[in-house]
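Student: Mind looking over this structure? Questions follow.
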Amino acid sequence: MNFLRGVMGGPSAGPQPSGAETIQKLCDRVASSTLLDDRRDAVRALKSLSKKYRLEVGIQAMEHLIHVLQTDRSDSEIIGYALDTLYNVISNDLEEEEQEENLPKQVDDLGSQFTEIFIKQQENVTLLLTLVEEFDFHVRWPGVKLLTSLLKQQGPQVQQIILVSPMGVSRLMDLLADSREVIRNDGVLLLQQLTKSNAAIQKIVAFENAFERLLDIITEEGNSDGGIVVEDCLLLLQNLLKNNNSNQNFFKEGSYIQRMKPWFEVGDDNCGWSAQKVTNLHLMLQLVRVLVSPTNPPGATSSCQKAMFHCGLLQQLCTILMATGVPADILTETINTVSEVIRGCQMNQDYFASVNAPSNPPRPAIVVLLMSMVNERQPFVLRCAVLYCFQCFLYKNQKGQGEIVSTLLPSTIDATGNSVSAGQLLCGGLFSTDSLSNWCAAVALAHALQENATLKEQLLRVQLATSIGNPPVSLLQQCTNILSQGDKIDRRGSKVQTRVGLLMLLCTWLSNCSIAVTHFLHNPANVPFLTGQIAENLGEEEQLVQGLCALLLGISIYYNDNSLENYRKEKLKQLIEKRIGRENFIEKLGFISKHELYSRAAQKPQPGFSSPDHMMFDHEFTKLVKELEGVISKAIYKSSEEDKKEEEVKKTLEQHDNIVTHYKKVIREQDQELEELKQRINTLTSQNEQLQATVTQQVSQIQQHKDQYNLLKVQLGKDTQHHNSHGDTLQMNGIQMEEVSKLKEELEEWKNKHELLQGQLREKDSLIEKLKSSQLEMGTTEQSSQMSKSGGLEHNNELQKELEMLRSQIQLQSAEISKLQMENQKLQVMSTTADPALGDSGATAARGSGLEGRLEQEIQELKNEVKALSEEKESLKQHLDSSSSTVAILQDEKSKLQREVAESKKEQDDLLVLLADQDQKLSALKITLKDLGVPVEDEDDIESGDQGDEDEDGDEEEQD
Numbered sequence: 000m001n002f003l004r005g006v007m008g009g010p011s012a013g014p015q016p017s018g019a020e021t022i023q024k025l026c027d028r029v030a031s032s033t034l035l036d037d038r039r040d041a042v043r044a045l046k047s048l049s050k051k052y053r054l055e056v057g058i059q060a061m062e063h064l065i066h067v068l069q070t071d072r073s074d075s076e077i078i079g080y081a082l083d084t085l086y087n088v089i090s091n092d093l094e095e096e097e098q099e100e101n102l103p104k105q106v107d108d109l110g111s112q113f114t115e116i117f118i119k120q121q122e123n124v125t126l127l128l129t130l131v132e133e134f135d136f137h138v139r140w141p142g143v144k145l146l147t148s149l150l151k152q153q154g155p156q157v158q159q160i161i162l163v164s165p166m167g168v169s170r171l172m173d174l175l176a177d178s179r180e181v182i183r184n185d186g187v188l189l190l191q192q193l194t195k196s197n198a199a200i201q202k203i204v205a206f207e208n209a210f211e212r213l214l215d216i217i218t219e220e221g222n223s224d225g226g227i228v229v230e231d232c233l234l235l236l237q238n239l240l241k242n243n244n245s246n247q248n249f250f251k252e253g254s255y256i257q258r259m260k261p262w263f264e265v266g267d268d269n270c271g272w273s274a275q276k277v278t279n280l281h282l283m284l285q286l287v288r289v290l291v292s293p294t295n296p297p298g299a300t301s302s303c304q305k306a307m308f309h310c311g312l313l314q315q316l317c318t319i320l321m322a323t324g325v326p327a328d329i330l331t332e333t334i335n336t337v338s339e340v341i342r343g344c345q346m347n348q349d350y351f352a353s354v355n356a357p358s359n360p361p362r363p364a365i366v367v368l369l370m371s372m373v374n375e376r377q378p379f380v381l382r383c384a385v386l387y388c389f390q391c392f393l394y395k396n397q398k399g400q401g402e403i404v405s406t407l408l409p410s411t412i413d414a415t416g417n418s419v420s421a422g423q424l425l426c427g428g429l430f431s432t433d434s435l436s437n438w439c440a441a442v443a444l445a446h447a448l449q450e451n452a453t454l455k456e457q458l459l460r461v462q463l464a465t466s467i468g469n470p471p472v473s474l475l476q477q478c479t480n481i482l483s484q485g486d487k488i489d490r491r492g493s494k495v496q497t498r499v500g501l502l503m504l505l506c507t508w509l510s511n512c513s514i515a516v517t518h519f520l521h522n523p524a525n526v527p528f529l530t531g532q533i534a535e536n537l538g539e540e541e542q543l544v545q546g547l548c549a550l551l552l553g554i555s556i557y558y559n560d561n562s563l564e565n566y567r568k569e570k571l572k573q574l575i576e577k578r579i580g581r582e583n584f585i586e587k588l589g590f591i592s593k594h595e596l597y598s599r600a601a602q603k604p605q606p607g608f609s610s611p612d613h614m615m616f617d618h619e620f621t622k623l624v625k626e627l628e629g630v631i632s633k634a635i636y637k638s639s640e641e642d643k644k645e646e647e648v649k650k651t652l653e654q655h656d657n658i659v660t661h662y663k664k665v666i667r668e669q670d671q672e673l674e675e676l677k678q679r680i681n682t683l684t685s686q687n688e689q690l691q692a693t694v695t696q697q698v699s700q701i702q703q704h705k706d707q708y709n710l711l712k713v714q715l716g717k718d719t720q721h722h723n724s725h726g727d728t729l730q731m732n733g734i735q736m737e738e739v740s741k742l743k744e745e746l747e748e749w750k751n752k753h754e755l756l757q758g759q760l761r762e763k764d765s766l767i768e769k770l771k772s773s774q775l776e777m778g779t780t781e782q783s784s785q786m787s788k789s790g791g792l793e794h795n796n797e798l799q800k801e802l803e804m805l806r807s808q809i810q811l812q813s814a815e816i817s818k819l820q821m822e823n824q825k826l827q828v829m830s831t832t833a834d835p836a837l838g839d840s841g842a843t844a845a846r847g848s849g850l851e852g853r854l855e856q857e858i859q860e861l862k863n864e865v866k867a868l869s870e871e872k873e874s875l876k877q878h879l880d881s882s883s884s885t886v887a888i889l890q891d892e893k894s895k896l897q898r899e900v901a902e903s904k905k906e907q908d909d910l911l912v913l914l915a916d917q918d919q920k921l922s923a924l925k926i927t928l929k930d931l932g933v934p935v936e937d938e939d940d941i942e943s944g945d946q947g948d949e950d951e952d953g954d955e956e957e958q959d
């Protein structure tokens, strides 16, 4: 510490050392001292001397300070002192009292030289990036300031070192997330310098989530009401987005345009805006313009314009445009911003046309802006901004062009005069005594005709009332009259400016419109005026007018359809040859493109004039000159034969263009039809997908039902194992519930028919009983007289026995039928407990089919037996013919019996026919069941099964 007191000017008996000697001693102390405290004190002393003795400290101490950064990283205090010292040496941010008149250049040289020495070893910059990662405030903050200063002095070199350093840019991006505002704000300044003119670093910073962080900071700081931090963030955003298509697309795709809308929410009270707020809002508007700049790729600009409309940003800007109390420079920049947001975007242009100013009565915003443009009291920059806005509104907007021109046509002019239209304002500005208004109105009207031949023809219908009592003149005639009287009218401003504006309007109007050329040439004074202007030797200012007159005359030749005999192409060329000379004409025509103001206007669409006197050319007009200059020069030298050939080529081209236009229309219609068909296909595809999903769901449900059925079938099989011979063969997986119900109904019909047959059998039994009783009565009364006929009575007894046997068989069948019905009921109960649809349809159908087969067989046997009985009765009749009256009576009874038997036979025949029909139906049902996948048992199997059941029942009864 004693050493430091000596070198810092403490009391001493000897002479005081100089600053250079003190710095040398401090450097030796830093280099040789083994104690960290001594080195720290020496570095602190160098820091205090670095501002006053910047050169000496930089030359002698830089190497030692870098060594300290490398070796003493464990001590944050000495690192902080070393970084501050290096910052003071390299930085040019000196205090005002230390600056002198001849010092700035020397200061700049010092900072640049020391920076070059520091970055000569790239490891120094890498070391500095490592130190910036330290969280310690005394290390991180001076490291950020030093790196910022290095970028200011040697930006491209330092950028390249950081770019090749591993994770170099990512380390610096962490500064934006620092909770300490000082470091965060200086980190924003560092990134500003880092991203200047380096697209690669700009992309890395953008993809490191810089947009999200910067927009969050702007929101936290209060948007446009924020302080200098908001300004710094906006400048950094401009660096990232300007002329960087990749970052612009990333900004749009990340939905960051939507987050810009709150920036422009301006309240009703717009008085007393602070300078910082004006600066912030100005930068915000410039940032919007960066995204929609005409120099960007058209696709990127269009997508940003649409996004700004959909999120409401354009509407917010129009609100500022129509608000009161907005500062003039903010209003001007807002107009320029709205201009580029709507330029070439039909949707945005249509919206802007619908915006009304908050006046009484409401007026369209376009009309209000045009009133400002033709008002000479308004600021020059504001009038230029309004002209640019009008140009952007009409750019590629044929609908807007038609609306503007329609306000000039006689059929649409408001006769009451209560409202001022855009056309009236343009005409008023075109013929006012203010040259700047003349020029602006002429250029605006030229943009309304740009690339629109239809409107050029319609504008020829416009008639103007010049004075009371005089007939109206056309707008074209009035323009040429003012042009020819240019020097005679007293105007404010440059007279050349008015003539240039009118000539640009006429050139735009006549180009590519033969009818307008014919109207122009129909006035006999126009061609002599033009040739006279071109032929004169005028001053430098008038040379521009001469060039434009030559261009107008050349357009009159090139687009001439030779409809006027006195002004055919060949005659106009001869006139130029005689009065001007072809070479002189071409030379005068070249004055336009050689003019300095022409070159300035050709650079960008926005009118960027430093003063009204420089306002001569329009950007779109420079394109027209570039297009026509060459073809007019060729047309002047062409012969009549070449003109004829060219006309033929033009006609061919016109026909070709018409064909192409027709096919374009057809293709457009087909495209629309294709779009409609695509929409229908998409709709049908979506419906198909829905139906497929529904089918898939139903299939899965059916599969679930099948699985459930199989499970129930297995359970039913376990419960009814003694019926396996019947239950195992029944599978009803494919039968629908409706078919099962139909089978049930048919089974019921079979049951009813079976009961009917049983009733008919009972009637036959009763009939046979009657016959038996009658025969017994006859046998008792006539026993004495019938002794001789004993053989016949015996035969009768045999017949009675046969009848008894038949009755017993019928009873056995009835018993068997009752047993089958009981088994059927049991099966129905069992199947109902497992699967009602399965049991009712399967088991019952099988039993019913077996029962029908047995009934048919038994009825056939009954039929045969009845036939045998009738034969025996015939033989009995023959034996009793010779008997007595009693035999006659018996014979009568027999005849009655025969008739009844015949009737019964007939009835049985009817029943057989009915049974045959039912048998056919039953066969058809069996086929249907087989088609549905249900196995059907044959009648023999069913009968054998039933017989087995009867045998088992018989054995059980015997055991009982």
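In terms of numbering that gives the first Met the number 0, the sequence shown opens at residue 0 and continues consecutively.
Even for Gly, the Cβ is constructed at its ideal location relative to N, Cα and C.
Just so it is clear, the structure is predicted and the values come from calculations on it, not from any experiment.
(1) For the alpha helix (DSSP H) containing R578, list its first residue and its last residue.
(2) At which residues does the alpha helix (DSSP H) containing C506 begin and terminate?
(3) Which residues in the same chain have their Cβ closer than 6 angstroms to the Cβ of I575, if we skip the five residues on either side of it in sequence?
(4) Would L623 and T507 qualify as a contact pair, given that the criterion is a beta-carbon distance under 8 angstroms?
(5) Should R491 go down as buried or exposed, given a rule of 16 or more other Cβ atoms within 10 Å for buried?
(6) Assuming M370 and L386 make a contact with CB atoms under 8 angstroms, what is their CB distance in whole Å?
(7) From the DSSP output, read off the bridge partner residues of S473.
(8) Just reading off the alpha helix (DSSP H) that E62 is part of, what are its end residues?
(9) Along the alpha helix (DSSP H) that carries M259, what are the first and last residues, could you check?
(10) Are the region 419-435 and the region 398-408 touching, with three or more C-beta to C-beta distances below 8 angstroms?
(11) Name the DSSP bridge partner or partners of N355?
(12) What's the gap between the Cα of T318 and the Cα of K260?
(13) Over what stretch of residues does the alpha helix (DSSP H) that includes N184 continue unbroken?
(14) Could you give the DSSP three-state label for H725: helix, strand or coil?
(15) Put R491 into one of helix, strand or coil per three-state DSSP.
(16) Going by DSSP, name the residue or residues bridged to D433.
(17) When you compare only the Cα positions, how much space is there between H66 and E133?
(18) By the DSSP assignment, the alpha helix (DSSP H) with T21 in it spans what residues?
(19) Buried or exposed: which applies to D670, given that a residue is buried once 16 or more other Cβ atoms fall within 10 Å of its Cβ?
(20) Using CA atoms only, rank isn't needed, just tell me which of V325, C310, L235 is closest to S273.
(21) Would you check whether the ligand HEM has a heavy atom nearer than 7 angstroms to the C-beta of V694?
(22) Residues in its own chain within less than 8 angstroms of S301 by CB, not counting five upstream and five downstream?
(23) What's the gap between the Cα of V277 and the Cα of Q449?
(24) Taking 8 angstroms as the cut-off, decide whether the C-beta atoms of Q285 and V340 are in contact.
(25) Since I believe P141 is in contact with G79 (beta carbons under 8 angstroms), could you give me their beta-carbon distance rounded to a whole number of angstroms?
(26) Which of the three DSSP states, helix, strand or coil, is assigned to Q907?
(27) Could you spell out where the alpha helix (DSSP H) holding F210 opens and where it closes?
(28) Put Q602 into one of helix, strand or coil per three-state DSSP.
(29) Do I533 and I481 have their C-beta atoms within less than 8 angstroms of each other?
(30) Measuring CB atoms only, is the region 644-656 touching the region 524-540, in the sense that at least three cross pairs come out at less than 8 angstroms?
(31) In angstroms with no decimal places, state the Cα-to-Cα distance between T70 and A30.
(32) Are L175 and R139 touching if we call contact CB-CB under 8 angstroms?
(33) State the Cα-Cα distance for the pair P523 and L551, rounded to the nearest angstrom.
(34) In or out: D83 buried (at least 16 other Cβ within 10 Å) or exposed?
(35) Give the single residue among V289, M283, E207 whose Cα lies nearest to the Cα of G225.
(36) Enumerate in chain order the residues of its own chain whose CB-to-CB distance from L963 is below 7 angstroms, with the five nearest sequence positions on each side excluded.
Tutor: Quick look at the numbers:
(1) 568-578
(2) Counting along the chain, C506 sits inside the alpha helix (DSSP H) bounded by residues 494-509.
(3) F584
(4) In this structure, L623 lies near T507, with their beta-carbon atoms less than 8 angstroms apart.
(5) Its Cβ having fewer than 16 others within 10 Å, R491 is exposed.
(6) Contact flag wrong, Cβ pair sits at about 13 angstroms.
(7) Paired residues: Q462.
(8) Per DSSP, E62 belongs to the alpha helix (DSSP H) from 53-70.
(9) No alpha helix (DSSP H) contains M259, which DSSP labels as neither H nor E.
(10) By the Cβ criterion, the region 419-435 is in contact with the region 398-408, since at least three pairs of Cβ atoms, one from each stretch, lie closer than 8 angstroms.
(11) Among the bridge pairs identified by DSSP, N355 is matched with P363.
(12) The straight-line gap separating the alpha-carbon atoms of T318 and K260 is approximately 12 angstroms.
(13) 180-193
(14) Any answer about H725 is weak, because its pLDDT of 42 lies below 50 and its placement is not dependable; what the coordinates show is given next. Helix, per DSSP.
(15) strand
(16) R491
(17) 18 angstroms
(18) 18-31
(19) exposed
(20) V325
(21) Ligands in the displayed structure: none, and consequently the ligand HEM is not present.
(22) G343, C344
(23) 37 angstroms
(24) no
(25) 6 angstroms
(26) Reduced to three states, the DSSP call for Q907 is helix.
(27) Counting along the chain, the alpha helix (DSSP H) containing F210 begins and ends at 209-219.
(28) coil
(29) no
(30) no
(31) In this structure, the CA atom of T70 is about 11 angstroms from the CA atom of A30.
(32) Contact: no.
(33) One C-alpha to the other measures close to 15 angstroms.
(34) buried
(35) M283
(36) The structure shown does not extend to residue 963, since the chain spans only 0 to 959, so no value can be given for it.
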